[in-house]
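This note's numbering puts the sequence shown at residues 826 to 938. Positions of the beta carbon are idealized from the N, C-alpha and C atoms, including for glycine. Here the structure is a predicted model, which means the values were calculated and not measured.
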Amino acid sequence: MQFKSFAEFYPYYLKEHSDRRCRAMHYIGSTLVIAVLVYAIVAQQWLWLLAIPLVGYGFAWLGHFGFEHNKPATFKYPAYSLLGDWVMYGQFLLSLIGIKSGPKGSGPGAAGS
Numbered sequence: 826m827q828f829k830s831f832a833e834f835y836p837y838y839l840k841e842h843s844d845r846r847c848r849a850m851h852y853i854g855s856t857l858v859i860a861v862l863v864y865a866i867v868a869q870q871w872l873w874l875l876a877i878p879l880v881g882y883g884f885a886w887l888g889h890f891g892f893e894h895n896k897p898a899t900f901k902y903p904a905y906s907l908l909g910d911w912v913m914y915g916q917f918l919l920s921l922i923g924i925k926s927g928p929k930g931s932g933p934g935a936a937g938s
């Protein structure tokens, strides 16, 4: 599958995150990424920056392998997937996507269109 743009990719990304537990793992990982980044900067503990990929991808991949039972889109579409994760997280924070219900609107890509 080839995508010409992120707008084309994002509905696919949301479909790959249809299990609420997988989305929750993504949200936990993204929140921890921000927490680790803030801590590293405030405490000037730069080695903590090495933990960012571990917590970010670790929680997301646990969600995929443990709940969604699919291969993370990161393996095939790394840049779009990274962007998709942060867009999905932002939409979650803005209540455009829930943990239980998924995207609000008429279809899987409605929140990202």
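Proximal residues to R848 (C-beta, below 8 angstroms), its chain only, five neighbours per side dropped:
Result list for R848: H842, G888, M913, F917, I922, I924, G927, in chain order.
Could you tell me the alpha carbon to alpha carbon distance between A868 and Q827, rounded to whole angstroms?
Our two residues, A868 and Q827, have alpha carbons roughly 43 angstroms apart in a direct line.
Our contact map puts S855 next to G881 with C-beta atoms below 8 angstroms; I'd like the distance itself, whole angstroms only.
In this structure S855 is in contact with G881, their Cβ atoms being roughly 7 angstroms apart against a cut-off of 8 angstroms.
Select from A832, M850, S830 the residue whose C-alpha is nearest the C-alpha of E893.
Closest in alpha carbon position to E893, among A832, M850, S830, is M850.
Counting C-beta neighbours from all protein chains within 10 Å, is the total for L839 16 or more, i.e. buried, or is it exposed?
It counts as buried.
Report the rounded CA-to-CA distance for F890 versus A832, giving the unit in angstroms.
CA-CA distance, F890 to A832, rounds to 26 angstroms.
Is it buried or exposed, G937, if we count other Cβ atoms within 10 angstroms and call 16 or more buried?
Bear in mind that the predicted position of G937 carries a pLDDT of just 38, short of 50, making it unreliable; the figure below should be weighed with that in mind. It counts as buried.
Looking at C-alpha atoms only, which residue of Y905, G909, W886 is the closest neighbour of Y846?
This sequence places Arg at residue 846; Tyr is not what is there. When only C-alpha atoms are compared, the closest one is W886.
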